[in-house]
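Undergrad: Under this note's numbering, think of the first position of the sequence shown as 7, with each following residue one higher.
We put the beta carbon where it would ideally sit given N, CA and C, even for glycine.
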Amino acid sequence: MSSRDAIGIFDSGLGGLSAVKEFMRVLPGERIIYFGDTGRVPYGTRSRDTIRKYAFQDADFLLKNNVKMVVAACGTVSSVAGSELEEKLAVPYTGVVNPTVYTAVRKTKNGKIGVIGTSATVNSHSYKKRIHKLNPGLEVFEQACPLFVPLVENGVIHRDDQITRLVVQRYLSELKEQGVDALILGCTHFPLLHGAISDFMGEEVELIDSGCETALYAAKVLKEQNLLNDDQSVKTPEFYVSDTPEGFKNVAELFLGRDMEHTVTQIDIEQY
Numbered sequence: 007m008s009s010r011d012a013i014g015i016f017d018s019g020l021g022g023l024s025a026v027k028e029f030m031r032v033l034p035g036e037r038i039i040y041f042g043d044t045g046r047v048p049y050g051t052r053s054r055d056t057i058r059k060y061a062f063q064d065a066d067f068l069l070k071n072n073v074k075m076v077v078a079a080c081g082t083v084s085s086v087a088g089s090e091l092e093e094k095l096a097v098p099y100t101g102v103v104n105p106t107v108y109t110a111v112r113k114t115k116n117g118k119i120g121v122i123g124t125s126a127t128v129n130s131h132s133y134k135k136r137i138h139k140l141n142p143g144l145e146v147f148e149q150a151c152p153l154f155v156p157l158v159e160n161g162v163i164h165r166d167d168q169i170t171r172l173v174v175q176r177y178l179s180e181l182k183e184q185g186v187d188a189l190i191l192g193c194t195h196f197p198l199l200h201g202a203i204s205d206f207m208g209e210e211v212e213l214i215d216s217g218c219e220t221a222l223y224a225a226k227v228l229k230e231q232n233l234l235n236d237d238q239s240v241k242t243p244e245f246y247v248s249d250t251p252e253g254f255k256n257v258a259e260l261f262l263g264r265d266m267e268h269t270v271t272q273i274d275i276e277q278y
């Protein structure tokens, strides 16, 4: 496969940048093209038909850019449209659900797994269904956390911030009472709240980062299909958004954990 072929990653907004960070760590020799649908965010409150429509438009944009793999770094898309994308795309595809579930099932010791995500992700029960397909004996407890995304995108993420701690407590108290020992962060925004979530749940609870697990899984798929790039020099990622790039830099630096000096291009996603 030509070194020009990239890994295409898309998300409903900017949360998928936390997955991009993990892909850059796990696969530094791969070129990454990222599309954030900032003009139509959030997906989590949309209908299933609208989410499917958006997901295929996003994937089509990436395919037009010669990608060798498509990654839906979005819990909502993975939950609602993942199976259709996998079936219909002409290149390897992965969402965040399956790789994350495999790890959670392997790591739980007491058989109690928690899942947090957007309302659409939780209402789809995608993680729960997949977990029970792998091991019907496991208990799964789900919780929608709609305020987590605006907290992250407004930079209210510090583990000692009173607002952050109160929102985390409000959403996760029941999961803590249920005694889960593995907690799936089913939205790529949520790893930025890792510290506050870990503090509340306790160090005995394993937090499963969907972006990290998806990057590891993608590396496995690319290796198995002989699609890894032979040139291991570090590549510069490309960033595209569907709304004005203004403000992208600050948010991207938050998600990527590094200075953001790359060009961000605005596109009309409705053309795809």
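#1: Helix, strand or coil, according to DSSP, for Ala78 in the structure here?
#2: Which residue wins for smallest C-alpha separation from Gln63, given the options Leu23, Arg264, Gly35 and Ser18?
#3: Fully enclosed by the stretch 151 to 187, which alpha helix (DSSP H) runs are 4 residues long or longer?
#4: Go through its chain and collect everything with a Cβ distance to Thr78's Cβ below 6 Å, but skip five positions before and after it.
#5: Buried or exposed, going by whether 16 or more other CB atoms sit within 10 Å of the CB of Ser248?
#6: Could one say the Cβ of His195 lies closer than 7 Å to chain B's Cβ atoms, at least one of them?
#7: Taking the DSSP output, what are the residues bridged to Ala12?
#8: Going along the chain, which residues of its own chain have a beta-carbon closer than 6 Å to the beta-carbon of Val128, five neighbours each way excluded?
#9: So Pro243 packs on Met30, CB below 8 Å; how close in whole Å?
#10: Using the Cα positions of Thr271 and Val240, report the straight-line distance between them to the nearest angstrom.
#11: Taking DSSP as the reference, what is the three-state secondary structure of Ser18?
#12: Is it the case that the stretch 25 to 41 contacts the stretch 155 to 168, given that we only count it when at least three CB pairs across the two stretches are under 8 Å?
#13: Tell me which residues share the same chain as Gln238 and place their Cβ nearer than 6 Å to its Cβ, disregarding the 5 neighbours each side in the sequence.
#14: Do Val186 and Gly120 have their beta-carbon atoms positioned less than 7 Å apart in this structure?
#15: Count the other CB atoms within 10 Å of the CB of Leu140; is the residue buried (16 or more) or exposed (fewer)?
#16: Residues in its own chain within less than 7 Å of Pro197 by CB, not counting five upstream and five downstream?
#17: Using three-state DSSP, classify Ile327 as helix, strand or coil.
#18: If I measure Cβ to Cβ from Asp205 and keep anything under 7 Å in the same chain, skipping five residues before and after, which residues do I get?
#19: Going by CA-CA distance only, name the one from Leu33, Ser125, Leu20 and Leu68 that's closest to Ala221.
#20: Alpha carbon to alpha carbon, how far is Pro98 from Cys193? Give it in angstroms, no decimals.
TA: Let me lay it out:
#1: strand
#2: Ser18
#3: 154 to 159 and 168 to 184
#4: Here residue 78 is Ala; the residue named in the question, Thr, does not match the sequence. The residues Ser84 and Gly101, in chain order, have a CB closer than 6 Å to that of Ala78 in the same chain once the five nearest residues on each side in sequence are set aside.
#5: The residue in question, Ser248, is buried, as its Cβ has 16 or more Cβ neighbours within 10 Å.
#6: Note that chain B does not occur in the displayed structure, where there is just one protein chain.
#7: For Ala12, which the question treats as bridged, DSSP gives the partners Val73.
#8: Glu148 and Ala150
#9: Confirmed, Cβ separation roughly 7 Å.
#10: 21 Å
#11: coil
#12: The stretch 155 to 168 and the stretch 25 to 41 do not touch, with fewer than 3 CB-CB distances between them shorter than 8 Å.
#13: Gly35
#14: yes
#15: exposed
#16: Ser24, Leu191, Asp215 and Gly217
#17: A question about residue 327 goes unanswered here, because the residues of the chain that appear run from 7 up to 278.
#18: Contacts found: Arg165.
#19: Leu33
#20: When rounded, the distance between both Cα atoms is 21 Å.
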